[in-house]
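Let me begin by presenting the structure, written as structure tokens, before commenting on it.
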Amino acid sequence: MEREYMEFDVVIVGAGPAGLSAACRIKQKAAEAGKEVSVCVVEKGAEVGAHILSGAVFEPRALNELFPDWKNLGAPLNTPVTRDDIYVLKDAQGARKIPGALVPKTMHNEGNYIISLGNLCRWLGQQAENLGVEVYPGFAAQEALIDEHGVVRGILTGDMGVDREGQPKGGMYTPGMELRGKYTLFAEGCRGHIGKQLIKRFNLDSDADPQHYAIGLKEIWDIDPARHEPGLVVHTAGWPLDDANPGGSFLYHLENHQVVVGLIVDLSYSNPYLSPFDEFQRYKHHPVVKQYLEGGKRVSYGARAIVKGGLNSLPKMVFAGGALIGCDLGTLNFAKIKGSHTAMKSGMLAADAVVDRLLAGSEGGDLLTAYPESFKASWLYDELFCSRNFGAAIHKWGAIKGNAFNFIDQNLFGGKIPFTLRDTTPDYATLKLAADSKKIDYPKPDGLLSFDKLSSVFLSGTNHEEEQPCHLKLKDPSIPIAKNLPLYDEPAQRYCPAGVYEVVTQESGEKRFQINAQNCVHCKTCDIKDPSQNIVWVAPEGAGGPMYPNM
Numbered sequence: 001m002e003r004e005y006m007e008f009d010v011v012i013v014g015a016g017p018a019g020l021s022a023a024c025r026i027k028q029k030a031a032e033a034g035k036e037v038s039v040c041v042v043e044k045g046a047e048v049g050a051h052i053l054s055g056a057v058f059e060p061r062a063l064n065e066l067f068p069d070w071k072n073l074g075a076p077l078n079t080p081v082t083r084d085d086i087y088v089l090k091d092a093q094g095a096r097k098i099p100g101a102l103v104p105k106t107m108h109n110e111g112n113y114i115i116s117l118g119n120l121c122r123w124l125g126q127q128a129e130n131l132g133v134e135v136y137p138g139f140a141a142q143e144a145l146i147d148e149h150g151v152v153r154g155i156l157t158g159d160m161g162v163d164r165e166g167q168p169k170g171g172m173y174t175p176g177m178e179l180r181g182k183y184t185l186f187a188e189g190c191r192g193h194i195g196k197q198l199i200k201r202f203n204l205d206s207d208a209d210p211q212h213y214a215i216g217l218k219e220i221w222d223i224d225p226a227r228h229e230p231g232l233v234v235h236t237a238g239w240p241l242d243d244a245n246p247g248g249s250f251l252y253h254l255e256n257h258q259v260v261v262g263l264i265v266d267l268s269y270s271n272p273y274l275s276p277f278d279e280f281q282r283y284k285h286h287p288v289v290k291q292y293l294e295g296g297k298r299v300s301y302g303a304r305a306i307v308k309g310g311l312n313s314l315p316k317m318v319f320a321g322g323a324l325i326g327c328d329l330g331t332l333n334f335a336k337i338k339g340s341h342t343a344m345k346s347g348m349l350a351a352d353a354v355v356d357r358l359l360a361g362s363e364g365g366d367l368l369t370a371y372p373e374s375f376k377a378s379w380l381y382d383e384l385f386c387s388r389n390f391g392a393a394i395h396k397w398g399a400i401k402g403n404a405f406n407f408i409d410q411n412l413f414g415g416k417i418p419f420t421l422r423d424t425t426p427d428y429a430t431l432k433l434a435a436d437s438k439k440i441d442y443p444k445p446d447g448l449l450s451f452d453k454l455s456s457v458f459l460s461g462t463n464h465e466e467e468q469p470c471h472l473k474l475k476d477p478s479i480p481i482a483k484n485l486p487l488y489d490e491p492a493q494r495y496c497p498a499g500v501y502e503v504v505t506q507e508s509g510e511k512r513f514q515i516n517a518q519n520c521v522h523c524k525t526c527d528i529k530d531p532s533q534n535i536v537w538v539a540p541e542g543a544g545g546p547m548y549p550n551m
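Residue 1 is where the sequence shown starts when you use UniProt numbering, and the numbers rise one by one after that.
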């Protein structure tokens, strides 16, 4: 069908730190050259920041480069880190505090800030609009526009107002629009659904190790002022996880008597009975964590997958007409548990390459070869190179031996130990059979420190228009019951942090796989961890999903 279209010099998919930094940098560089470059940012969330979730301890290095006067411009960096406390939790009660001298230097946070990344993105969005960027929240990019020569020419936004069968609803239907660009930058975040398609189509990961992921679950709490220490950063390893099911936690003291608390569960975990959500709930009862939360009130909840493969898992960055940036590319530095500054820098490097081509008179459609070249010469590459062994060491040797290696690598060799560890097993292939695994008996939530999934999803503000096609696609609808249930006790009913997937027993006794797409918080865990790789996450109608106020 013939669709309406708008044309820009640059189209950017995703108003996160990478996409907004790229947009701002393009406008800055073009203005310095006295040229006008049109830039559009399309964002699936109802507003900029609505789908942003991160810890977040923020390293301001890239922000210092993008907006040297960010303090005067009112960037929401209000809480400098004052202290790092790191513990190994031995069991549900015991803990050992790690002396600072024994901590890998990547885990030290002097000079960093505890922030809401959602609020920083809202601020970046304002800066982008002030520079003349057109920002369109509430519109989901559904697919890349690729011409007959295999050149990316922009994106198509999703149709609005269609029913479950994909048919237009009377008086409500609005067809998707083509946003055409000379260059298109994809900044969808971890496991971006168009980025995933482009990686496959253009074989961008042919020389890379498999990408690796974790799921991060997070809550914001109002706590007793007497228990609050602004700027305190607490990290833990160990319980309730273990070497076969690895991960760690964070608890950061923000301003206004608030803390953010979260658990990161590596999606390489092996026990199909493990539930990241329930591990998070019981983790909060540990005395190290409980001492801050007790008597407080939970005010927000969310979850998001984290891309953590690092340098070894980076696909090729460019293809004809565009590039991957930020977590769509996979630039998070897992050794620091930080990806915002790296995402921003990757967006800025891609922006430089785009502007240079446009100022040279390019009409687009070519390879942005200057982007991977400048990436290789940047501090971003150096940082990812020095952290390349961090996650692989923990997967290979477990938390104690792996972190001992990381201490040697980071503190004694500066990340330049003369060999590279490889981690070549995809996360979906690590599950053991249910018959070979131990069931986990999770305690019931007490409503004070621990909670159920549905009340948690309510706090995320998640909502979708119910009469729309399900955005969680099954390649083969028979697999959940015919294969995943007997082999793995269908782990989707546990790895999803929002209660989207259920195995329902019907009156006849037959089992049925139910998808409650309305609950989906867009974390992408199902797309990553399903052992049959049968679930495909695609963007629902624009503005659907969580509505995070300050995550």
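Using N, Cα and C, we set each Cβ at its ideal position, and we do this for glycine too.
Exclusion of the five residues before and after residue 410 leaves 104, 105, 106 as the residues of its chain whose Cβ lies within less than 6 Å of its Cβ.
Inter-segment contact for the region 34-46 and the region 207-215 is absent: fewer than three beta-carbon pairs are separated by less than 8 Å. C-alpha of residue 142 to C-alpha of residue 307: approximately 21 Å in a straight line. Spanning the alpha carbons of residue 301 and residue 52 requires a straight line of approximately 12 Å. The C-alpha of residue 368 lies about 51 Å from the C-alpha of residue 227. Straight-line spacing of the CA atoms in residue 243 and residue 250 works out to 18 Å. By the criterion of a C-beta distance shorter than 6 Å, residue 280 is surrounded in its chain by 217, 263, once the five residues flanking it on both sides are discounted. Rounded to the nearest whole angstrom, the CA to CA distance from residue 31 to residue 182 is 18 Å. Taken in chain order, the unbroken stretches of beta strand (DSSP E) that lie wholly in the region 237-270 and span 3 residues or more are 247-253, 258-266. Residue 509 counts as exposed, since fewer than 16 other beta carbons sit within 10 angstroms of its beta carbon. Proximity to residue 122 across 438, 414, 408, 15 peaks at 15, based on C-alpha coordinates.
Taking C-alpha positions only, residue 81 is separated from residue 246 by approximately 26 Å.
CA-to-CA, the gap between residue 388 and residue 507 works out to about 52 Å. For residue 381, same chain residues with a beta-carbon under 7 Å away, outside a window of 5 residues either side, are 375 in chain order. Secondary structure at residue 344: helix, using DSSP grouped into helix, strand and coil. An exposed status is given to residue 412, since fewer than 16 other beta-carbon atoms sit within 10 Å of its beta-carbon. Counted as a single uninterrupted DSSP element, the stretch harbouring residue 142 is not any alpha helix (DSSP H) but the beta strand (DSSP E) occupying residues 141-146. For residue 300, the enclosing beta strand (DSSP E) starts and ends at 297-307. Beyond the five residues adjoining it in sequence on each side, residue 437 comes within less than 7 Å, by CB distance, of 271, 272, 273 in the same chain, given in chain order. For residue 411, the secondary structure class from DSSP, reduced to helix, strand or coil, is helix. For residue 211, there is no enclosing beta strand (DSSP E), as DSSP gives it neither H nor E. Nearest to residue 257 by C-alpha distance, out of 230, 269, 265, is 230. Taking 8 Å as the upper bound for CB-CB distance, residue 539 and residue 18 are not in contact here, some 17 Å apart. C-alpha of residue 162 to C-alpha of residue 521: approximately 21 Å in a straight line. If you draw a straight line from the Cα of residue 378 to the Cα of residue 371, it comes to about 10 Å. With fewer than 16 other Cβ atoms inside 10 Å of its own Cβ, residue 287 counts as exposed. Each residue's CA atom was taken as its position, placing residue 476 and residue 426 some 21 Å apart. Residue 12 is bridged by DSSP to 41, 185. Counted as a single uninterrupted DSSP element, the beta strand (DSSP E) harbouring residue 155 occupies residues 152-157. Fully enclosed beta strand (DSSP E) runs of no fewer than 3 residues occupy 83-89, 95-97, 134-137, 141-146 of the region 73-150, in order along the chain. Two segments are said to touch when three or more pairs of C-beta atoms, one from each, lie closer than 8 Å; by this definition the region 144-164 does not touch the region 488-504.
Under a 10 Å Cβ-count criterion, residue 458 is classified as exposed, with fewer than 16 other Cβ atoms of the shown protein chains found around its own Cβ. DSSP places residue 322 within a strand segment (E or B) once states are collapsed to three. As DSSP reads the structure, residue 469 sits in no beta bridge. Counting along the chain, the unbroken beta strand (DSSP E) around residue 537 starts and ends at 535-537. The straight-line gap separating the alpha-carbon atoms of residue 11 and residue 460 is approximately 29 Å.
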